[in-house]
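Enquirer:
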């Protein structure tokens, strides 16, 4: 679960990490009022997408009136398809130096690593691609955590400002505590700044919480809704259905993540564009299948659905029943092609025999059928048929 | 022969008294697996279909001498169950459960490694040595004894693969699901080493997916050390970066984990990467035919 900047900074502040004085706001009145208290401010759009500064989502304001005016521009603006609903209003910082600090999982090493770079304030992935040597990596032993000497060593290697050493060191210690205490997959401060006055401060922050550990963090549950940008994805997450929205028009339903990915790949390989990823999981019951179809159809771009079911624990007849149930309770206007194999395949096929959902002999056949039908629909003249 | 498990494997089921645990223990027994004990704290002294239940792993070991554990303990206690099994000295620990918190898993991984033991998973379907033993949740009826080793990050896709192989009369030595999480106990490379040392495995089918660099590491291993013939498949080739495709580990992040790189890495060391499951079976059949 990705946290907005204002939530990330709140967690860091509570762990003793200095962050700019600020407050989140949802209206221009609030922004003006906050600016009146803080003096010159930065107004920052709270959206979970990169490049918000370049898109005009971060602006400086020296007076409360200015703040109101820039808030007017930012609140409600569209950044890469997302509407800005909240802004963080923060005291402006006079920044002398910018570094990068992040803690994330190093999958190859099977452990977390601290990453530091003197090239802060820019996209760290670009730094990693162009100047890999500019990133210092320190593996963190899960039994002992990030040790003080490791932090010092990494800071010397990354050539961090000695004048602000203590402050920077404190921030890195706090970053690890938040990572551990809040089950973060990623905790990043970029830029990690040193101000003109020589103080270290977390000028921006990004934290991604491990979804599997959310049960330990009821305090973060309130941010779940705003962590998912897409409304269909949000609905699916609320119903515990693994669903990812994609750009195309052919809906995908399969049981198992690997199978769902393979189904997406097949649709693309055969010339179609997948609209989503959806895993109905092992043991899919009729009701779950009905719900899956409902979720896929919430995306108005979907013009056809490919279902790919391999019965292991999942039973072909249950899936067939779910499909028929969906057809009888919903007004399904798009074609659905299904491929069933494995446990109770024959029973499933029999159930679907006299329905509009005649099972196809293979995944490729099911995908081809739907791609063709969608294509024909587009080729047909307006008002045709 | 086979790898990791055979007819002599004695299994203790962690979480035997739960719905999943009891169902799959029964399925394992039907497959022919020796299920010798269960562990559920607080349920010691009871039985599930004739299998004795103990409060702790230590007790289960003393009374029933298992040499493999399989855990159905849900996410919050999943890593703890793995560490309990490791502390009791179980040499092969199979963690089926999904949604293990990653920081817990990092600790459990280290705990098992430090004791020189093997962990498979978590978030995996377990493994089957065809005709001998099954540990985990793979469907019983798919397998056929033979000489193809299968290793995969995905569950259902593995069943699909095995079904395709069996339907063409291509049997399997061992089928191993290594799991879809970002930290897993046994990697593709580990599996390749095991299969390469197994005289009854003549060819290896490797089913990878987007995310991480385990496929690239496996390709490097093949390039450096050589291997029996390998046929690969990568799922998620059309997945966009930054989106988690169901599996916690199936995500392209920080410029890593993309499919092109994995395909290239395999092709560079002479491992063909098939586009479909049927094509994997075609390639396997051809290579096996050429080998005999």
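Protein chains in written order, with the working numbering: chain A, 1 to 385; chain B, 386 to 677.
We treat Cβ as the ideally placed atom computed from N, Cα and C, and that holds for glycine.
This structure is a prediction, so every number in the text was calculated from the model and none was measured.
Inspect the beta-carbon positions of residue 250 of chain A and residue 267 of chain A and report whether they are closer than 8 angstroms.
Expert: yes
Enquirer: Using the three-state DSSP reduction, which class does residue 253 of chain A fall into: helix, strand or coil?
Expert: strand
Enquirer: Just list the alpha helix (DSSP H) runs in the region 450 to 510 of chain B, keeping only unbroken ones of 4 residues or longer that don't cross its boundaries, in chain order.
Expert: 460 to 472, 487 to 499
Enquirer: What does DSSP give as the partner residue(s) for residue 98 of chain A in the beta ladder?
Expert: A:193
Enquirer: Does the separation of the CB atoms of residue 385 of chain B and residue 636 of chain B fall below 8 angstroms?
Expert: A query on residue 385 of chain B cannot be resolved here, the shown segment of chain B reaching from 386 to 677 and no further.
Enquirer: Determine, for residue 657 of chain B, whether the minimum Cβ-Cβ distance to residues of chain A falls below 8 angstroms.
Expert: No, no contact with chain A.
Enquirer: Would the region 603 to 613 of chain B count as touching the region 521 to 533 of chain B if we require 3 or more Cβ pairs under 8 angstroms?
Expert: no
Enquirer: Nearest by alpha-carbon distance to residue 265 of chain A: which of B:642, B:619, B:464, B:631 is it?
Expert: B:619
Enquirer: When the Cα atoms are used, what is the spatial distance from residue 374 of chain A to residue 276 of chain A?
Expert: C-alpha separation (whole angstroms): 16 angstroms.
Enquirer: Counting only Cβ pairs nearer than 8 angstroms, list the residues of chain A close to residue 515 of chain B.
Expert: None at all; the shortest Cβ gap to chain A is about 16 angstroms.
Enquirer: Run through DSSP, which three-state label would residue 308 of chain A get?
Expert: Strand at residue 308 of chain A.
Enquirer: Go ahead and pull the three-state DSSP assignment for residue 532 of chain B.
Expert: strand
Enquirer: Hey, is residue 485 of chain B's beta-carbon within less than 8 angstroms of any beta-carbon in chain A?
Expert: Chain A, which has a Cβ nearer than 8 angstroms to the Cβ of residue 485 of chain B, makes this yes.
Enquirer: My assumption, with CB atoms under 8 angstroms, is that residue 532 of chain B sits in contact with residue 488 of chain B. Please give the rounded CB distance.
Expert: Not really, about 40 angstroms apart at Cβ, beyond 8 angstroms.
Enquirer: Give, in chain order, every unbroken run of the alpha helix (DSSP H) that is at least 4 residues long and sits entirely within the region 43 to 90 of chain A.
Expert: Complete alpha helix (DSSP H) runs here, min 4: 64 to 74.
Enquirer: Of all the CB atoms in chain A, is at least one closer than 8 angstroms to the CB of residue 632 of chain B?
Expert: Closer than 8 angstroms to some Cβ of chain A, the Cβ of residue 632 of chain B qualifies, so yes.
Enquirer: Go ahead and pull the three-state DSSP assignment for residue 440 of chain B.
Expert: coil
Enquirer: Look at the alpha carbon of residue 507 of chain B and the alpha carbon of residue 256 of chain A, and state the distance between them as a whole number of angstroms.
Expert: 16 angstroms
Enquirer: Got a sec: is the Cβ-Cβ distance from residue 652 of chain B to anything in chain A below 8 angstroms?
Expert: no
Enquirer: Just confirm the distance between the C-beta atoms of residue 458 of chain B and residue 439 of chain B, as a whole number of angstroms; I'd bet it's less than 8 angstroms.
Expert: Contact check for residue 458 of chain B and residue 439 of chain B: beta-carbon distance about 14 angstroms, past the 8 angstroms limit, so the pair fails to qualify.
Enquirer: Of all Cβ atoms in chain B, is any one closer than 8 angstroms to the Cβ of residue 110 of chain A?
Expert: Taking Cβ atoms only, chain B reaches closer than 8 angstroms to residue 110 of chain A, which makes this a yes.
Enquirer: Looking only at its own chain, which residues have a Cβ that is under 7 angstroms from the Cβ of residue 2 of chain A, when we skip the five neighbours before and after it?
Expert: 48, 208, 227
Enquirer: Going by beta carbon distance, what residues of the same chain come within less than 8 angstroms of residue 95 of chain A, once the five residues before and after it are set aside?
Expert: 191, 193, 194, 195, 196, 203
Enquirer: Taking only beta-carbon positions, decide if residue 139 of chain A is within less than 8 angstroms of chain B.
Expert: Output row for residue 139 of chain A: interface = no.
Enquirer: According to the Cβ coordinates, are residue 102 of chain A and residue 187 of chain A closer than 8 angstroms?
Expert: The Cβ-Cβ distance between residue 102 of chain A and residue 187 of chain A falls below 8 angstroms.
Enquirer: Are the region 134 to 144 of chain A and the region 104 to 123 of chain A touching by the rule of at least three beta carbon pairs closer than 8 angstroms?
Expert: yes
Enquirer: When DSSP labels each residue in this structure, what does residue 564 of chain B get in the three-state scheme?
Expert: Three-state result, residue 564 of chain B: coil.
Enquirer: Could you list which residues in chain B have their beta carbon closer than 7 angstroms to that of residue 52 of chain A, in chain order?
Expert: Correct list: empty, because the minimum Cβ distance to chain B is about 15 angstroms.
Enquirer: Starting from the C-beta of residue 163 of chain A, find all residues in its chain whose C-beta is less than 8 angstroms away, skip the five residues before and the five after it, and write them out in chain order.
Expert: 194, 198
Enquirer: Check for me: the beta strand (DSSP E) holding residue 575 of chain B runs from which residue to which?
Expert: For residue 575 of chain B, no beta strand (DSSP E) run applies; the uninterrupted alpha helix (DSSP H) run containing it begins and ends at 573 to 581, by DSSP.
Enquirer: May I ask you to report which of helix, strand or coil DSSP gives residue 339 of chain A?
Expert: strand
Enquirer: Taking Cβ to Cβ, would you say residue 520 of chain B is nearer than 8 angstroms to residue 479 of chain B?
Expert: yes
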